[in-house]
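**Student:** Numbering (this note's numbering), first residue to last: 415 to 839.
Where a beta carbon is used, it is the ideal one built from N, C-alpha and C, also for glycine.
This structure is in structure tokens; I'll ask about it shortly.
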Amino acid sequence: MSDAPLLHYSTSTAPLQAGSPDKPAANTIDITVSSPADQNIYCNKIEIAVPISAPDDGGAYFTENPQSSITGKWSPASAQMKTGQELGLEPATNYYHVIFQAPPIPRFDLIDKPLTISITGNVAATPGSTLTCPSTENSGTASGKYTRKTPQELTWDTAKPVFYLHNLLSSAPDKPTVPRTKFNAGDEVYLTWESNGSFFQLYDGDGTTLYEGSATSYTIPSGKILNDTTFTLKASEKNAAGFETVDQYATLSINITNPTLDDLKITNKLTTVGSNGLIVNGDLAAQSSLNVSGSLTAQGDMYARANLQVDHNATVYGKANLTALFEEAIKLEPVFDNIRTEYIYAEHDGILVIENTYTGNYYGDDVPYIFVYEGDGEGAATVAVSIKGSPACYTIPVRKGQKWALWNLNSDSYNSFRFYWVGFS
């Protein structure tokens, strides 16, 4: 009997971006696994070996352990770093060995729908080289009867990465990981950015050059920035032909809390009393932001014609109209997949409302449950709600980034549930 793989494997065709070892490029490789037409193929395990060190042939590799996922009922069972010698591959290359397994439930090993595997991480390569990922499977033509098949190589071409300029940020030099846009006059300002460009020029709001060079960070010396300003960063890189220069730009504005004012024009009255503040006996108009560090008291009505943001506590002594806090309820129509609904991800915080109209009885382990999980995980559920046998309505809070599903359904109760989503604005 042939040991050739029984399943078909197709890979994403777009070239991967070939980053350098010091500036690897973010990439995702997709693998679609399916059964041949008109054949029932059963499989309980698929293994992918992803190179995470430079192969001897100069091919592409991931510079870190990538993240893996798979669609459907399967899940990544384990992922470990192994040498090529351990896997029977190139001895000098290290691999991230990912094993995907079918759930140990009868007939869940039947590949009747395509499986999509995604592996994401940073890739380094010489443009034009190839990323090679050996793969194998445990498969057969009957459920529970599998043999390990001969490994095959899945490949992706690489190309010069797209020129990018991202994440221009400012911070204090002593706290470089904390983004900050408010400074005192004369403070040092530490600027960082992400780019695969080869040359950078930094300008202040007046167009004065503050920095030129190849580094992706710069500290503006003390005494330079005395007023609010907008920085402009120009990144340059030669085009694919290697002749003309391609430029990209990014801007960043910062605020100076005690600016040095060159011209101050007061048309009505300006009164200052010691250090107690500023008194304006006419209209005070803020064309942009108005920042109040202490209390703000309005003797009459106060209107916000745009957004009003409160970073700390808000106290209301009268009635508060919160109708704008909630979005209109949306009826959901999830797809039922065997014994559960599909997973529904929460794009933002909200309330899941479930109406159960089933008047029959649930027996033993047949009681449906609502499970809420954090992100893509399926470990211990954050929320697990038992749906009782009598008609009732359930409200369950779901946070942004969580997912939920209704489990343990039977065919009699499929149409007994109605789902609604009430999101927070």
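To which residues of the same chain is ALA396 closer than 6 Å at the C-beta, ignoring the five residues directly before and after it?
**Tutor:** Nothing can be reported for residue 396, as the shown portion of the chain is limited to 415 through 839.
**Student:** Count the other CB atoms within 10 Å of the CB of ILE693; is the residue buried (16 or more) or exposed (fewer)?
**Tutor:** What you label residue 693 is simply residue 279 of the sequence shown in a count that begins at 1. Unreliable placement is indicated for ILE693, whose pLDDT of 46 sits below 50; the coordinate value is still reported in the next sentence. It counts as exposed.
**Student:** Quick one: what does DSSP say ASN829 is sitting in, helix, strand or coil?
**Tutor:** Here residue 829 refers to the residue found at position 415 when the sequence shown is read from its first residue. The answer is helix: DSSP assigns ASN829 an H, G or I state.
**Student:** Can you tell me the Cα-Cα spacing of ASN690 and PHE838, whole angstroms?
**Tutor:** In the sequence shown, counting from the first residue as 1, residue 690 sits at position 276. In the sequence shown, counting from the first residue as 1, residue 838 sits at position 424. Summary for ASN690: the model assigns pLDDT 47, below 50, so the residue's position carries little reliability, and this model does not support an answer.
**Student:** Mind reading off the beta-carbon distance from LEU583 to THR425? Whole number of angstroms is fine, and I expect it under 8 Å.
**Tutor:** Counting from 1 along the sequence shown, the entry for residue 583 is found at position 169. Counting from 1 along the sequence shown, the entry for residue 425 is found at position 11. Going by Cβ atoms, the distance from LEU583 to THR425 rounds to 36 Å, so no, they are not a contact pair.
**Student:** Figure out for me which residue from GLU769, GLU551, ASP601 and HIS422 has the closest Cα to the Cα of GLN453.
**Tutor:** If you number the sequence shown from 1, residue 453 lands on position 39. Closest by alpha carbon: HIS422.
**Student:** According to DSSP, is GLN499 helix, strand or coil?
**Tutor:** Taking the sequence shown and counting its residues from 1, one reaches residue 499 at position 85. Residue state, collapsed to three classes: helix.
**Student:** To the nearest angstrom, report how far apart ALA664 and VAL576 are at their CA atoms.
**Tutor:** Working through the sequence shown from its first residue, we reach residue 664 at position 250. Working through the sequence shown from its first residue, we reach residue 576 at position 162. Computed Cα separation, rounded: 16 Å.
**Student:** Considering only the alpha carbon of each residue, which of SER557, HIS580, THR507 and LYS596 lies closest to THR471?
**Tutor:** As a working note, residue 471 is residue 57 in the sequence shown. Checking the displayed sequence, the identity of residue 471 turns out to be Asp instead of Thr. Of the listed residues, the one whose Cα sits closest to ASP471 is THR507.
**Student:** Under three-state DSSP, which class holds ASN690?
**Tutor:** For the purposes of this step, residue 690 is taken as the residue at position 276 of the sequence shown. Its pLDDT being 47, under 50, ASN690 is placed unreliably by the model, and nothing is read from it.
**Student:** In terms of residue numbering, what span does the beta strand (DSSP E) encompassing PRO548 cover?
**Tutor:** For the purposes of this step, residue 548 is identified with residue 134 of the sequence shown, where counting begins at 1. Unbroken beta strand (DSSP E) run through PRO548: 544–556.
**Student:** Just how far apart, CA to CA, sit GLY473 and LYS487?
**Tutor:** Stepping through the sequence shown from its first residue, residue 473 is reached at position 59. Stepping through the sequence shown from its first residue, residue 487 is reached at position 73. If I take the Cα positions, the gap works out to 33 Å.
**Student:** On a Cα-Cα basis, can you pick out the residue from SER628, ILE533, ILE460 and ASN829 that is closest to THR606?
**Tutor:** Counted from its first residue, the sequence shown places residue 606 at position 192. If we check each option's Cα against that of THR606, SER628 comes out closest.
**Student:** When DSSP labels each residue in this structure, what does ASP780 get in the three-state scheme?
**Tutor:** What you label residue 780 is simply residue 366 of the sequence shown in a count that begins at 1. In this structure, ASP780 counts as helix in the three-state DSSP scheme.
**Student:** How would you label GLY502, buried or exposed, when you count the other beta carbons within 10 angstroms and need 16 or more for buried?
**Tutor:** Locating residue 502 in the sequence shown gives position 88, counting from the first residue. Answer is exposed; the Cβ neighbour count stays below 16.
**Student:** Should the stretch 629–638 be regarded as contacting the stretch 597–606, the criterion being three or more beta carbon pairs within less than 8 Å?
**Tutor:** At 8 Å Cβ cutoff, the stretches touch.
**Student:** Which residues share a DSSP beta bridge with ARG754?
**Tutor:** Reading the sequence shown from its first residue, position 340 is the one you call residue 754. Paired residues: ASP751 and TRP821.
**Student:** Does the Cβ of TYR772 have 16 or more other Cβ atoms within 10 Å, making it buried, or fewer, making it exposed?
**Tutor:** The residue labelled residue 772 in the question sits at position 358 within the sequence shown. When all chains shown are included, TYR772 counts as buried.
**Student:** Pick out whichever of GLN816, SER585 and PRO805 has its Cα sitting closest to the Cα of ARG832.
**Tutor:** Translated into positions along the sequence shown, residue 832 becomes position 418. Nearest option by C-alpha distance: PRO805.
**Student:** For THR644 versus LEU624, is the C-beta spacing smaller than 8 Å?
**Tutor:** Here residue 644 is taken as the residue at index 230 of the sequence shown, counted from 1. Here residue 624 is taken as the residue at index 210 of the sequence shown, counted from 1. Their beta carbons are not under 8 Å apart, which means THR644 does not touch LEU624 by this criterion.
**Student:** Over what stretch of residues does the beta strand (DSSP E) that includes PRO593 continue unbroken?
**Tutor:** As a first step, residue 593 is located in the sequence shown; it is residue number 179 there, counting from the start. Segment: none, PRO593 is in no beta strand (DSSP E) and carries neither H nor E.
**Student:** Pull up the CB-CB distance for TYR834 and LYS745, whole angstroms please, since I reckon it's below 8 Å.
**Tutor:** The residue labelled residue 834 in the question sits at position 420 within the sequence shown. The residue labelled residue 745 in the question sits at position 331 within the sequence shown. Yes, they are in contact, since the Cβ atoms of TYR834 and LYS745 sit about 6 Å apart, within 8 Å.
**Student:** Rounded to a whole number of angstroms, what is the C-alpha to C-alpha distance between SER434 and ALA538?
**Tutor:** In the sequence shown, counting from the first residue as 1, residue 434 sits at position 20. In the sequence shown, counting from the first residue as 1, residue 538 sits at position 124. Their Cα atoms are separated by approximately 5 Å.
**Student:** Using 8 Å for Cβ pairs, my map puts ALA418 next to LYS563. What's the rounded Cβ distance?
**Tutor:** Reading the sequence shown from its first residue, position 4 is the one you call residue 418. Reading the sequence shown from its first residue, position 149 is the one you call residue 563. The pair is a contact, with the Cβ atoms about 6 Å apart (cut-off 8 Å).
**Student:** Quick check: the Cα distance between ALA760 and ASP751, rounded to an integer number of angstroms?
**Tutor:** Numbered from 1 along the sequence shown, position 346 holds the residue referred to as residue 760. Numbered from 1 along the sequence shown, position 337 holds the residue referred to as residue 751. Cα to Cα, ALA760 sits roughly 19 Å from ASP751.
**Student:** What's the C-alpha gap between GLN816 and VAL836?
**Tutor:** Here residue 816 refers to the residue found at position 402 when the sequence shown is read from its first residue. Here residue 836 refers to the residue found at position 422 when the sequence shown is read from its first residue. Between GLN816 and VAL836, the C-alpha separation is close to 15 Å.
**Student:** Using a 10 Å radius around the Cβ and a threshold of 16 neighbouring Cβ atoms, would you call PHE785 buried or exposed?
**Tutor:** Taking the first residue of the sequence shown as position 1, residue 785 is located at position 371. Buried: at least 16 other Cβ atoms inside 10 Å.
**Student:** Name the DSSP bridge partner or partners of PHE577?
**Tutor:** As a working note, residue 577 is residue 163 in the sequence shown. Per DSSP, none; premise fails for PHE577.
**Student:** Ignore the nearest five residues each way along the sequence and tell me which others in ASN581's own chain have a CB closer than 8 Å to its CB.
**Tutor:** Within the sequence shown, the letter at position 167 stands for residue 581. Once the five neighbours on either side are set aside, the close Cβ partners of ASN581 are THR606, TRP607 and GLU608.
**Student:** Closer than 8 Å by C-beta to ALA795: which residues in its own chain qualify, once you throw out the five before and the five after it? Chain order, please.
**Tutor:** For the purposes of this step, residue 795 is identified with residue 381 of the sequence shown, where counting begins at 1. Excluding positions up to five away in sequence, the list reads PHE785, VAL786 and TYR787.
**Student:** Using a Cβ-Cβ cut-off of 8 Å (strictly less than) and excluding sequence neighbours within five positions of ARG754, which residues of its own chain qualify?
**Tutor:** Counted from its first residue, the sequence shown places residue 754 at position 340. Cβ within range, chain order: ALA819, LEU820, TRP821, ASN822 and LEU823.
**Student:** Could you check which residue in GLY619, LYS652 and ALA649 has the C-alpha nearest to that of LYS638?
**Tutor:** For the purposes of this step, residue 638 is identified with residue 224 of the sequence shown, where counting begins at 1. The option with the nearest alpha carbon to LYS638 is GLY619.
**Student:** Name the one or two DSSP bridge partners that GLU567 has.
**Tutor:** Here residue 567 refers to the residue found at position 153 of the sequence shown. BP columns for GLU567 point to PRO548.
**Student:** Since LEU529 and VAL447 should fall inside the 8 Å C-beta cutoff, what is the C-beta to C-beta distance between them, to a whole number of angstroms?
**Tutor:** One-based indexing of the sequence shown puts residue 529 at position 115. One-based indexing of the sequence shown puts residue 447 at position 33. Contact flag correct, Cβ pair sits at about 4 Å.
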